[in-house]
Amino acid sequence: MASVAFSKVEKSFGNTKVLHGISLDIADGEFMVLVGPSGCGKSTLLRMLAGLEDISGGNIAIDGRVVNDVESKDRDIAMVFQSYALYPHLSVRDNMGFSLRLRDEKRDVIAERVGKAARILNLDPYLDRYPRELSGGQRQRVAMGRAIVRDPKVFLFDEPLSNLDAKLRVAMRSEIKALHQRLKTTTVYVTHDQVEAMTMADRIAVMNEGRIEQLGEPLELYDRPANLFVAQFIGSPAMNVFEGLYRNNAVEALGAHWPVSGAHAAQDQRVKYGIRPEHLDLAPRGIPAEVVVVEPMGAETELLLKVEDQRITMTTHGRSSIGPGERAFLAPRLEHVHLFDAASGARL
Amino acid sequence: MNKFVREARLWLIGIPVLLWTLIPIYHIFLFSISTKDSAFSGRLWPEHPTLRNFGIVFREEHFYLHHFWNQIWNSLWIAAATGVITLAVATCAAFAISRLKVKGGRTVMNAALFTYFIPAAFLAVPMYKAMGTYGLLNSRWSLVLAMVTLASPYAIWVLKQASDKLPWELDEAARIDGATPLQLFRLVYLPLMLPSLVAIGTYALLLAWNEYLYAFLLLSHENTIPLAVGLGHFLSSDDSPWEILMATALVYGLPPAAIYYAFRRYMVGGLTSGAVKT
């Protein structure tokens, strides 16, 4: 159990700077998710915490101790890799006990701790198998077991579910979450999947181009995205965003007046108007749009519409009787409208 | 139809290659079970096949065979030592260059490749001088060292390539698990490299086993020469005992065949399956 603190952490590969002074405090027992598109630097940050990459600038501290020059093995961390990184020549039992064996632990201590971890992860029947004899999900659990056995201060996960199929990913997601609730070990989890981030995290750091765009609890990011990048990255389907002119408590865009409530924009300011698909309603006096595609999914229906040349998605609960080519009238829910500065992208 | 053409092509290549390989071996076998009189009869199978020649070989009952067991032991000793030392040198080099990324690794690799521009025969005289300087002439070590020198560059090259294919995450996982470089080498690297190590060990071993020129040059005493040179002595008279020479050659050819057979599984490899998702 430990806190983790990044302060002004920088990383360069040659002349290319990939992290521009990241500062981030992770509390003891917290489940922190680093999320962002590929190349945003999230994995690099995690690998620096693991001691697998040198730190070009700034400090990383675990439990108050700066670990910049501490070897991986002395940082008391455990990491789960995307590719599992199981030792192919060792059985599941030996894979899980490997770190203890390196520490010259007694055989019965190793056996006991491996047994305990195996029970937690339901790996008992597979202890004598080899990695090649396991399915993807089982290998992933062994990789987690290898981390648990060490009882580290911090768990690091580097896109651990990316190699699993969709169904298994959902199952493992809740398994990891449940594991964290049980062990309460500080966890840093890297993913590019915002759904994973939303469902698992205590707090999320959304990263882009080597910077943290926003740090906050999942619903905070969803409700009050700090900028356009976060607004469009968090939420599925993504938020509708288009540009317009703010005037008289409405945004003039796409040949219509889009209502705004209590905005902080100046008169005649160029703004980006953001509204999530689930915050659009169909109403007789709304903004006219043309239905392009209807995607019924049972519990909800996704509509792809066009207002002038702008594509707008909306989701409605239940089923929709509307068909492609028909006209629909859109009414944004005022309290869920987001306004961003057109130039900087910052929230207004 | 397409399949038929493809099969036919394979056969057209396969059959000549098979014959090309097998006919000389059959020839050796034929000689070795023939009596001296019938050896050159030109038959495909001798009238009176006999194992007498092998008896002569094993009991050292011929002038050229007085040191047979001694010489085959020399061959074994030299081949095994070459295999072991080459493996030790090349494995450490490959591990250091490929996994520990030591500085100058690329230069070593380029140098290793460069050695192939120099034919081994070209180095024979310098090697002879060097061994003479160190007083190693006529010692089995001189041949072992020479063979290690010749085998190592290729061995390093191949093992480095094989090392590069091991998933890098395994090293990182081991480092986080607390492995020192030596533990990484012993507990992760060596077991995973086993197929390549066996293949390269076999290569070096057979290179030394089959060597004639250097053995002939560096060793001259009846008691220190390997069997390859001993076989050469058969040809020093006008009336060579071909049937006994061939029987000895057949015995000489058996260990490599046995080694290949024993390790054929490793020549293919595939131990790393299941390590990472591919």
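Chains P and S supply the protein sequences, listed in that same order. The first sequence: position 51 = 51 (our numbering), numbered continuously. The second sequence: position 263 = 1263 (our numbering), numbered continuously. Glycine residues also receive a C-beta, built at the ideal position from the N, C-alpha and C atoms. These numbers were taken from a predicted model, which means no experiment stands behind them.
Would you call the CB atoms of residue i and residue j closer than 9 Å?
i         : j         : result
Asp158/P  : Val114/P  : no
Leu1227/S : Asn1074/S : yes
Leu1213/S : Ala1121/S : yes
Ile287/P  : Ala256/P  : yes
Ala1249/S : Val1229/S : no
Gly18/P   : Thr44/P   : Here residue 18/P is Val; the residue named in the question, Gly, does not match the sequence. Closer than 9 Å, so yes.
Asn163/P  : Tyr87/P   : no
Gly1083/S : Thr1202/S : yes
Arg146/P  : Ala1173/S : yes
Phe329/P  : Pro284/P  : yes
Asp76/P   : Pro152/P  : yes
Ile1056/S : Ala1247/S : yes
Ala197/P  : Pro225/P  : no
Ser72/P   : Arg1175/S : yes
Leu168/P  : Ile120/P  : no
Leu334/P  : Val260/P  : yes
Arg270/P  : Val292/P  : no
Val1102/S : Ala1094/S : no
Ala1039/S : Glu1211/S : no
Leu123/P  : Arg141/P  : yes
Gly345/P  : Leu228/P  : yes
Leu1245/S : Phe1031/S : yes
Thr186/P  : Ile22/P   : no
His279/P  : Val337/P  : yes
Quick check on residue i - is its C-beta less than 9 Å from some C-beta in chain P?
i         : result
Ile1293/S : Any question about residue 1293/S goes unanswered here, given that chain S covers just 1001 to 1278.
Thr1272/S : The pLDDT assigned to Thr1272/S is 41, lower than 50, so where the model puts this residue is not dependable; a value taken from the coordinates is nonetheless given after this. With 9 Å as the cut-off, Thr1272/S counts as an interface residue toward chain P.
Pro1256/S : no
Leu1192/S : yes
Val1276/S : Any reading at Val1276/S is ruled out, since the residue's pLDDT is 49, under 50, leaving its predicted position unreliable.
Ala1199/S : no
For residue i, return the contacting residues in chain P, with the cut-off set at a CB-CB distance below 7 Å.
i         : result
Leu1170/S : Ala85 and Tyr87
Val1188/S : Tyr87
Gln1183/S : Leu102
Of all Cβ atoms in chain S, is any one closer than 9 Å to the Cβ of residue i?
i        : result
Glu71/P  : yes
Arg141/P : no
Ile110/P : no
Gly14/P  : no
Met200/P : no
Gly115/P : no
Ala50/P  : yes
Arg65/P  : no
Arg150/P : yes
Show which residues of chain S have a CB atom less than 7 Å away from the CB atom of residue i.
i        : result
Leu183/P : Ordered by position in chain S, no residue passes the 7 Å Cβ test against Leu183/P, which lies about 18 Å from the chain.
Please list, in chain order, the chain P residues whose beta carbon lies closer than 8 Å to that of residue i.
i         : result
Pro1167/S : Ser83 and Ala85
So which residues of chain S does residue i contact, with C-beta pairs closer than 9 Å?
i        : result
Ile176/P : Within chain S, no residue comes near Ile176/P; the closest Cβ sits about 18 Å away, beyond 9 Å.
Met144/P : Simply none; closest approach about 13 Å.
Ala118/P : Neighbours of Ala118/P on chain S: none; closest Cβ ~17 Å, over 9 Å.
Can you name the residues of chain P whose CB is closer than 9 Å to the CB of residue i?
i         : result
Ala1330/S : Any answer about residue 1330/S is impossible in this case: the structure gives chain S only from 1001 up to 1278.
For a contact defined as C-beta to C-beta under 8 Å, what are the partners of residue i on chain S?
i       : result
Met79/P : Glu1172, Ala1173 and Ile1176
Just checking, does the region 310–323 of chain P make contact with the region 1021–1029 of chain S on the three C-beta pairs under 8 Å criterion?
no
Quick one: complete beta strand (DSSP E) runs, 3+ long, within the region 13–49 of chain P?
16–26 and 31–35
Three Cβ pairs or more, each shorter than 8 Å: is that satisfied between the region 1153–1169 of chain S and the region 51–58 of chain P?
no
Pair every Cβ in the region 122–131 of chain P with every Cβ in the region 83–94 of chain P, then say whether three or more of these pairs are closer than 8 Å.
yes
Check whether the region 145–161 of chain P touches the region 190–204 of chain P, counting contact only when three or more Cβ pairs, one atom from each stretch, lie closer than 8 Å.
yes
Are at least three pairs of beta-carbons, each pair with one atom in the region 30–45 of chain P and one in the region 203–215 of chain P, less than 8 Å apart?
yes
Along the chain, which unbroken stretches of the alpha helix (DSSP H) at least 4 residues long are found entirely within the region 1156–1189 of chain S?
1168–1177
Any contact of the region 55–68 of chain P with the region 3–17 of chain P, i.e. 3+ C-beta pairs under 8 Å?
yes
Any contact of the region 230–244 of chain P with the region 273–287 of chain P, i.e. 3+ C-beta pairs under 8 Å?
yes
What are the start and end residues of each continuous alpha helix (DSSP H) run of 4 or more residues lying completely inside the region 1095–1135 of chain S, in chain order?
1105–1114 and 1120–1133
Just to confirm the assignment: which complete alpha helix (DSSP H) runs, minimum length 4, are found wholly within the region 176–260 of chain P?
194–200, 218–223 and 228–233
Cβ contact (3+ pairs, closer than 8 Å) linking the region 1010–1017 of chain S and the region 1029–1044 of chain S
no
Report the start-end ranges of each beta strand (DSSP E) in the region 147–176 of chain P that is 3 residues or longer and not cut off at the edges.
154–158
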